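Q: Heads up, the sequence shown is in the numbering used here, so the first residue is 86 and it goes up one at a time. From the three backbone atoms N, C-alpha and C, an ideal C-beta is built for every residue, glycine too. From a predicted model like this one, the values you see are computed outputs, not experimental measurements. Handing you a structure now.
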Amino acid sequence: MPNILYIKNMVCPRCISSVSRILNKLNIEYNTIELGEVALSNELSPKNKSLLSVEFQNEGFSLVNDRKSQLIEQMKSLVVDKIHHSNEALDIKWPEYISGKLYLDYKYLSSLFSAVESITFEQYIINQKIERVKELIVYNELSLSEIAFQMSYSSVAYLSNQFKKITGMTPTHFKNSTNKNRKNLDEV
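Below is the structure:
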């Protein structure tokens with residue numbers, strides 16, 4: 086059975102490349118790397134784990150050691166991957182998706198997330214969706230109607246209301262502003 090490492094702040098394909106580079110630099114063999122986790126070929130020695138931890142910290146990552154934190158990082162990685170890196174329709178039922186991927190009761194996962202992160206899991210999903218909407222607005226390739234459809238909002242009005250509630254400005258105001266106040270995905 087492979088040894089799984091859970092890594093905090095792994096939010097994009099470049100993060101996967103960075104983690105791969107670090108593992109190769111330290112001659113640590115691995116089977117797969119996905120957002121937030123690495124399946125190692127062998128058990129890590131305490132020395133290698135310490136070296137790896139230092140290298141990760143230098144790149145803005147950190148190892149997640151306790152089970153609850155691992156679950157939260159897995160939840161975050163699933164959301165980020167689905168919202169920011171997937172070409173599949175976003176029209177999903179989050180409770181079924183998350184509990185199906187983690188094989189745990191959604192109510193437990195949701196309450197754990199809220200207790201540790203100080204926001205609800207649903208609010209985390211909304212925040213990630215709004216960051217993706219900001220990104221799509223900045224690209225200026227899609228109309229607001231197309232963005233609403235892609236992000237599975239029931240209407241442009243609903244998207245606009247949620248966008249304003251989170252950012253304090255309408256999507257149009259955001260598009261026309263000189264300060265595109267976007268956040269890094271690990272800060273959302």
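To the nearest angstrom, how far is it from the Cα of E220 to the Cα of L197?
A: Against the sequence shown, residue 220 aligns to sequence position 135. Against the sequence shown, residue 197 aligns to sequence position 112. Straight-line Cα distance between these residues: approximately 29 Å.
Q: Just to confirm my understanding: we take S105, look at its own chain, exclude 5 residues before and 5 after, and list those with CB closer than 7 Å. What are they?
A: Within the sequence shown, residue 105 is the residue found at index 20, counting from 1. Taken in chain order, the residues that qualify are I118.
Q: Just checking, does the region 152-164 make contact with the region 203-213 on the three C-beta pairs under 8 Å criterion?
A: yes
Q: Closest by CA to L156, which one among Y193, S102, H170?
A: Mapped onto the sequence shown, residue 156 falls at position 71. Ranking Y193, S102, H170 by Cα distance to L156 puts Y193 first.
Q: Can you check which of these residues, K260, E144, M236, is closest to I168 by C-alpha distance?
A: Start at 1 with the first residue of the sequence shown, and residue 168 comes out as number 83. With distances taken between Cα atoms, I168 lies closest to M236.
Q: Under 7 Å Cβ to Cβ from K214, same chain only, skipping five residues before and after it: list those, please.
A: The sequence position of residue 214 within the sequence shown is 129, counting from 1. Answer for K214: I168, M236, listed in chain order.
Q: For the putative contact between N127 and E114, defined by C-beta atoms under 8 Å, what is the C-beta separation to the nearest angstrom?
A: Residue mapping note: residue 127 aligns to position 42 of the sequence shown, counting from 1. Residue mapping note: residue 114 aligns to position 29 of the sequence shown, counting from 1. With a Cβ gap of about 6 Å, N127 and E114 count as contacting.
Q: Does the separation of the CB atoms of P256 and V218 fall below 9 Å?
A: One-based indexing of the sequence shown puts residue 256 at position 171. One-based indexing of the sequence shown puts residue 218 at position 133. Closer than 9 Å, so yes.
Q: Between K132, N225, S147, which lies nearest to I120 when the distance is taken from Cα to Cα?
A: Counting from 1 along the sequence shown, the entry for residue 120 is found at position 35. According to the sequence provided, residue 120 is Leu. The question's Ile does not apply to it. Comparing Cα-Cα distances from L120 to each of K132, N225, S147, the minimum goes to S147.
Q: How would you label Y224, buried or exposed, when you count the other beta carbons within 10 angstroms and need 16 or more for buried?
A: Here residue 224 refers to the residue found at position 139 when the sequence shown is read from its first residue. So Y224 ends up on the exposed side.
Q: Under the three-state reduction of DSSP, which class applies to I89: helix, strand or coil?
A: To locate residue 89, count along the sequence shown from 1; it is residue 4. DSSP places I89 within a strand segment (E or B) once states are collapsed to three.
Q: Could you tell me if Y238 is buried or exposed, where buried requires 16 or more neighbouring beta carbons within 10 angstroms of its beta carbon?
A: Mapped onto the sequence shown, residue 238 falls at position 153. Buried is the call here.
Q: Could you give the first and the last residue of the continuous alpha helix (DSSP H) run that contains V223?
A: Start at 1 with the first residue of the sequence shown, and residue 223 comes out as number 138. Segment 206-224, the alpha helix (DSSP H) holding V223.
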